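There are 2 protein chains.
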Amino acid sequence: MPNRRSQRNSHDRARLKAARPIGVIGGTGAQGFGLALRWAQAGETVLIGSRDAARAQHAAEKIKKKLGPHAKVTGDENRAVCAACDLIVLTLPFEGHATLLKELKPSIRPGAIVVDTTVPLDASVGGRATRTLTVWQGSAAEQTAELVLVGVKVVAAFQNVGARLLADDGPVECDVIVCGDDREAVEIVRHLAAKIPGIRALDGGPLENARVLEQITALLIGFSVRNKTHCGIRITGLPNSAILGG
Amino acid sequence: MPNRRSQRNSHDRARLKAARPIGVIGGTGAQGFGLALRWAQAGETVLIGSRDAARAQHAAEKIKKKLGPHAKVTGDENRAVCAACDLIVLTLPFEGHATLLKELKPSIRPGAIVVDTTVPLDASVGGRATRTLTVWQGSAAEQTAELVLVGVKVVAAFQNVGARLLADDGPVECDVIVCGDDREAVEIVRHLAAKIPGIRALDGGPLENARVLEQITALLIGFSVRNKTHCGIRITGLPNSAILGG
Numbered sequence: 086m087p088n089r090r091s092q093r094n095s096h097d098r099a100r101l102k103a104a105r106p107i108g109v110i111g112g113t114g115a116q117g118f119g120l121a122l123r124w125a126q127a128g129e130t131v132l133i134g135s136r137d138a139a140r141a142q143h144a145a146e147k148i149k150k151k152l153g154p155h156a157k158v159t160g161d162e163n164r165a166v167c168a169a170c171d172l173i174v175l176t177l178p179f180e181g182h183a184t185l186l187k188e189l190k191p192s193i194r195p196g197a198i199v200v201d202t203t204v205p206l207d208a209s210v211g212g213r214a215t216r217t218l219t220v221w222q223g224s225a226a227e228q229t230a231e232l233v234l235v236g237v238k239v240v241a242a243f244q245n246v247g248a249r250l251l252a253d254d255g256p257v258e259c260d261v262i263v264c265g266d267d268r269e270a271v272e273i274v275r276h277l278a279a280k281i282p283g284i285r286a287l288d289g290g291p292l293e294n295a296r297v298l299e300q301i302t303a304l305l306i307g308f309s310v311r312n313k314t315h316c317g318i319r320i321t322g323l324p325n326s327a328i329l330g331g
Numbered sequence: 086m087p088n089r090r091s092q093r094n095s096h097d098r099a100r101l102k103a104a105r106p107i108g109v110i111g112g113t114g115a116q117g118f119g120l121a122l123r124w125a126q127a128g129e130t131v132l133i134g135s136r137d138a139a140r141a142q143h144a145a146e147k148i149k150k151k152l153g154p155h156a157k158v159t160g161d162e163n164r165a166v167c168a169a170c171d172l173i174v175l176t177l178p179f180e181g182h183a184t185l186l187k188e189l190k191p192s193i194r195p196g197a198i199v200v201d202t203t204v205p206l207d208a209s210v211g212g213r214a215t216r217t218l219t220v221w222q223g224s225a226a227e228q229t230a231e232l233v234l235v236g237v238k239v240v241a242a243f244q245n246v247g248a249r250l251l252a253d254d255g256p257v258e259c260d261v262i263v264c265g266d267d268r269e270a271v272e273i274v275r276h277l278a279a280k281i282p283g284i285r286a287l288d289g290g291p292l293e294n295a296r297v298l299e300q301i302t303a304l305l306i307g308f309s310v311r312n313k314t315h316c317g318i319r320i321t322g323l324p325n326s327a328i329l330g331g
């Protein structure tokens, strides 16, 4: 008979793995669409959000056309998606990020997990995609944490996975480094990332480390441009216990 | 008969690969010592520099004891090493970096390549090794570029290769991203990095990208501490033509 501790652990594990609808805000953009496609492919329920509900529905139809009618993907206006999900993934260009977040703030459920994938590229203000802007709070993800209501859990992830790697059919040759101050939320997002073939989901420590993740993207864009390819990142030397997926 | 162009190319290649003494400033510290050991092992001529010539000589003896008397490694005071080498590698803790560089400035040869491995860790001022300080110039390497005489070529590299990975006997599971504004100097340093087994030497673009390299180290230290291991980084998706060594 299992003891109380192992019962609790198996409860926890079940909760971490439980299917919950994933709301992809800005899911008609290249990165959001790629993530929505991959999660729908993994059997997850995905709600694509856009400013324009019709465009979101169109994106959902496109995924169904690719994966078949059994794919659990729908589209709606961003606020409606926020109101319907406990797990929200922000895939927004930095130039519209703070403004949209202020609009969405009342629609985000208390206790929800908000996964921020945003990179404050210099390109947001007409500069280079190989450089980042300095964000007052330290990173786009920390800015997000300041803009949401208390109790909403912000987690930084997926900055280093390019849209093109997600759009291809093959495994994604990239680690997803997940940073956040709520340990349970980090674990949930790691499980979410590991659903995409090839991705190894790693615990990257506190949310403030999003500063480094965001800058790595600018470096990777430089590598990709110079070599006319699509680059990713891997951390070496980790024990298997630190790696989810792959 | 080879045409003029291929002759020139083979000249260039020969020059890039030509053995030149490598001066390792701060080479009695863990990272400098590890690099000196690896290069001596690869048959290079290495001059270990320290504030104290006797300590530098002691470190050189230690390497000879390990590799045998044929190892081409000697030790001397930092300024003497600078004066003797066209290729200098700075392996200094950030807290003493700018001060020592001002002392060394008149001893660095015109046209020399200065490879900066420095990471401005918050630990330099009593903070955490998982965070970096903001350097006015953008990075420690850009600070170095400001402190040396015009014509000295500063290249950023080796920030992400931990001393422990170098001290082990096995191949180093880490890419070395080389950043600099002088393309020839970057190529020379890539060849230098590729002499260490396991290391893949990559062109990381302009010197300003050292900002990202330096921050990656703080992230890797976090991974290493959390997992009681020694982590490195690899860039994925690159064509073979972009990779030297490995």
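Chains as they are written, first to last, in the working numbering: chain A, 86 to 331; chain B, 86 to 331. Beta carbons are placed, not taken as given, at the ideal position from N, Cα and C, and that holds for glycine. Computed from a predicted structure; not experimentally measured.
For the 8 Å CB-CB criterion, Leu298 (chain A) and Ala252 (chain A) do not form a contact. Taking Leu122 (chain B) as the centre and dropping the five residues before and after it, the same chain places the C-beta of Ile148, Lys151, Leu152, Leu251 and Ala252 closer than 8 Å to its C-beta, in chain order. For Val240 (chain A), the uninterrupted beta strand (DSSP E) segment begins and ends at Lys238 to Ala241.
Annotation: Thr203 (chain A) has no Cβ neighbours in chain B at a cutoff of 9 Å; minimum Cβ distance is about 17 Å.
The beta carbon of Asn325 (chain A) is closer than 6 Å to none in its chain, skipping five residues each way along the sequence. Looking from the CA of Val237 (chain B), the closest CA among B:Ala168, B:Gln142 and B:Lys313 belongs to B:Ala168.
For Glu258 (chain A), the chain B residues whose Cβ falls inside 7 Å of its Cβ are Thr321 and Gly322, in order along the chain.
Going by DSSP, Ile148 (chain B) is part of the alpha helix (DSSP H) stretching over Ala138 to Leu152. Of all residues in the segment 155-180 of chain B, none has a C-beta nearer than 9 Å to a C-beta of chain A.
As a beta-bridge residue in DSSP terms, Leu175 (chain B) pairs with B:Ile110 and B:Asp201.
Using a Cβ-Cβ cut-off of 8 Å, Ala327 (chain B) counts as an interface residue toward chain A, since at least one Cβ of chain A sits closer than that to its own. For Gln300 (chain B), at least one C-beta of chain A is nearer than 8 Å to its own C-beta. The DSSP-derived three-state label of Arg249 (chain B) is helix. When only Cα atoms are considered, Thr215 (chain A) and His143 (chain B) end up about 44 Å apart. Membership of Ala279 (chain B) in the alpha helix (DSSP H) is indicated by the continuous run Arg268 to Ala279. Contact between Val174 (chain B) and Val109 (chain B) holds, with the beta-carbon distance rounding to 5 Å and staying under 8 Å.
For the segment 215-245 of chain A, the beta-carbon criterion of a distance under 8 Å to any beta-carbon of chain B is satisfied by Thr215 and Arg216. Chain-order list of chain A residues neighbouring Val297 (chain B): Gln300, Ile301, Ala303 and Leu304, by C-beta distance under 7 Å.
According to DSSP, residue pairing for Gly134 (chain A) in a beta bridge involves A:Ile110 and A:Asp161.
For Thr229 (chain A), the enclosing alpha helix (DSSP H) starts and ends at Ala225 to Leu232. Contact between Lys280 (chain A) and Glu129 (chain A) holds: their C-beta atoms lie close to 7 Å from each other, under 8 Å. For Thr215 (chain B), there is no enclosing beta strand (DSSP E), as DSSP marks it with neither H nor E.
Gly160 (chain B) sits close to Ile133 (chain B), with the two beta carbons spaced by under 8 Å.
Annotation for Leu287 (chain A): the continuous beta strand (DSSP E) segment containing it runs Arg285 to Asp288. Cβ contact annotation for Phe118 (chain A) (same chain, cutoff 7 Å, sequence separation greater than five): Gly112 and Ala144, in chain order.
Secondary structure of Cys170 (chain A) (DSSP, three-state): coil. Within the same chain, Leu305, Phe308 and Ser309 come within 7 Å of Cys316 (chain A) by CB-CB distance, once the 5 residues on both sides are set aside. Annotated as proximal: Ile320 (chain A) and Ile318 (chain B), with beta-carbon spacing under 8 Å.
In the three-state reduction of the DSSP assignment, Gly330 (chain B) falls in the strand class, which pools E and B. Contacts between Ile318 (chain B) and chain A, judged by CB atoms closer than 8 Å, involve Ile318, Arg319, Ile320 and Thr321 in chain order. Scanning B:Leu172, B:Glu231, B:Leu292 and B:Arg136 for the CA closest to the CA of Val263 (chain B) turns up B:Leu292.
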